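One structure is given below, encoded as structure tokens.
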Amino acid sequence: GAVVSQHPSWVICKSGTSVKIECRSLDFQATTMFWYRQFPKQSLMLMATSNEGSKATYEQGVEKDKFLINHASLTLSTLTVTSAHPEDSSFYICSARPGAGNTEAFFGQGTRLTVV
Amino acid sequence: GESVGLHLPTLSVQEGDNSIINCAYSNSASDYFIWYKQESGKGPQFIIDIRSNMDKRQGQRVTVLLNKTVKHLSLQIAATQPGDSAVYFCAESGGSYIPTFGRGTSLIVHP
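As they're listed, the protein sequences go chains A and B. 83 is the number that my numbering gives to position 72 of the first sequence; each next residue is one higher, with no gaps. 40 is the number that my numbering gives to position 1 of the second sequence; each next residue is one higher, with no gaps.
Below, the structure written as structure tokens:
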């Protein structure tokens, strides 16, 4: 299957700082990428849909000014958690879809963010 | 449909047994369904998918059944192995083409 690489795998940051997470599709072009957040022992909650060259679409309740998403190319989307708080600590996962329409989405390995 | 942020139910089985993991989806307009396996600290891994024009699809040791009437999806794993221990999620998508995850089930395989 197609490979999606997420970096970093884990990060610890201080409260008030910003953290950037990268999501790359390594062997395909992804017009659309998705960002999810997962708390321990819970399901993946969609945060936003990232479209190359346009603004991301955020789910209800997700602050777009806090979770900045940039999808500058067909192989890279970034999520920046701004002014991080301890409650932002979570597992962030991206996925990318090679084609349009209802096809399989491939997932990155996730990023464990801990805000201290 | 909406994914539900509830704590995960658990299914415990003995090695060699068959496992059946169930999922109820919420959106009757969904026409594409995927099962994912997630190991601790990792991203979801694709297992098998099925479209709404089918009611059964088989892969290697896995079978997915779809019952659109009651909006129910199941994953059957034959001859379950310790390496199958993980959390299993169903995901659905429809006209929005956005994968929405179900609740998830933690599968524990005892040797």
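Every residue gets a Cβ at the ideal spot worked out from N, C-alpha and C, and that includes glycine. Remember, it's a predicted structure, so these values are computed and weren't measured experimentally.
Could you compute how far the alpha carbon of residue i sits from the alpha carbon of residue j?
{"i": "Leu112/B", "j": "Cys129/B", "result": "8 Å"}
{"i": "Leu124/A", "j": "Ser79/B", "result": "15 Å"}
{"i": "Ser47/B", "j": "Val15/A", "result": "Per the sequence presented here, residue 47/B reads as Leu, with Ser not at that position. Near 26 Å, if we compare the C-alpha coordinates of Val15/A and Leu47/B."}
{"i": "Asp123/B", "j": "Gln115/B", "result": "12 Å"}
{"i": "Thr91/A", "j": "Pro150/B", "result": "43 Å"}
{"i": "Pro19/A", "j": "Glu33/A", "result": "7 Å"}
{"i": "Thr93/A", "j": "Asp99/A", "result": "10 Å"}
{"i": "Ile104/A", "j": "Tyr47/A", "result": "5 Å"}
{"i": "Phe118/A", "j": "Glu63/A", "result": "17 Å"}
{"i": "Gln17/A", "j": "Thr139/B", "result": "20 Å"}
{"i": "Phe102/A", "j": "Val126/B", "result": "15 Å"}
Beta carbon of residue i: closer than 7 Å to some heavy atom of the ligand ATP?
{"i": "Thr114/A", "result": "Although the ligand ATP was asked about, the structure shown includes no ligands whatsoever."}
Would you call residue i buried or exposed, if buried means 16 or more other Cβ atoms sit within 10 Å of its Cβ?
{"i": "Arg35/A", "result": "buried"}
{"i": "Leu37/A", "result": "exposed"}
{"i": "Trp21/A", "result": "exposed"}
{"i": "Ala95/A", "result": "buried"}
{"i": "Lys25/A", "result": "exposed"}
{"i": "Val109/B", "result": "exposed"}
{"i": "Pro97/A", "result": "exposed"}
{"i": "Lys76/B", "result": "buried"}
{"i": "Ile23/A", "result": "exposed"}
{"i": "Phe78/A", "result": "buried"}
{"i": "Thr28/A", "result": "exposed"}
Closer than 7 Å by C-beta to residue i: which residues in its own chain qualify, once you throw out the five before and the five after it? Chain order, please.
{"i": "Val73/A", "result": "Met58, Ala59"}
{"i": "Met93/B", "result": "Leu105"}
{"i": "Ser54/A", "result": "none"}
{"i": "Lys13/B", "result": "Missing from the structure shown is residue 13/B; chain B here goes from 40 to 150 and no further."}
{"i": "Ala68/B", "result": "Gly133, Gly134"}
Less than 6 Å between C-beta atoms, sequence neighbours within five positions excluded: which residues of the same chain meet that for residue i?
{"i": "Asp88/B", "result": "Ile73"}
{"i": "Ser61/A", "result": "Met44, Ala67, Ile80, His82, Ser88"}
{"i": "Asn57/B", "result": "Ala117"}
{"i": "Lys31/A", "result": "Thr89, Thr91"}
Assign residue i to one of three DSSP states: helix, strand, or coil.
{"i": "Asp88/B", "result": "strand"}
{"i": "Glu131/B", "result": "strand"}
{"i": "Glu33/A", "result": "strand"}
Could you name the residues of the same chain whose beta carbon sits closer than 8 Å to that of residue i, not counting the 5 residues immediately before and after it, in chain order?
{"i": "Thr114/A", "result": "Arg108"}
Which of the residues in the region 132-145 of chain B, read from start to end, lie with their CB under 7 Å from any CB of chain A? Cβ contacts with chain A come from Ser132, Tyr136, Ile137, Pro138, Thr139, Phe140, Gly141, Arg142, Gly143.
Chain A contacts from the region 105-125 of chain B (Cβ-Cβ distance under 7 Å): Those would be none; no residue qualifies.
Pull out every residue of the region 50-61 of chain A whose Cβ sits closer than 8 Å to any Cβ of chain B, in chain order. Those would be Phe50, Lys52, Gln53, Ser54, Leu55, Met56, Leu57, Thr60, in chain order.
Check distances from the C-beta atoms of the region 84-96 of chain B to those of chain A and list, in chain order, the residues that come in under 9 Å. Contact residues of the region 84-96 of chain B toward chain A are Gln84, Phe85, Asp88, Arg90 (C-beta to C-beta distance below 9 Å).
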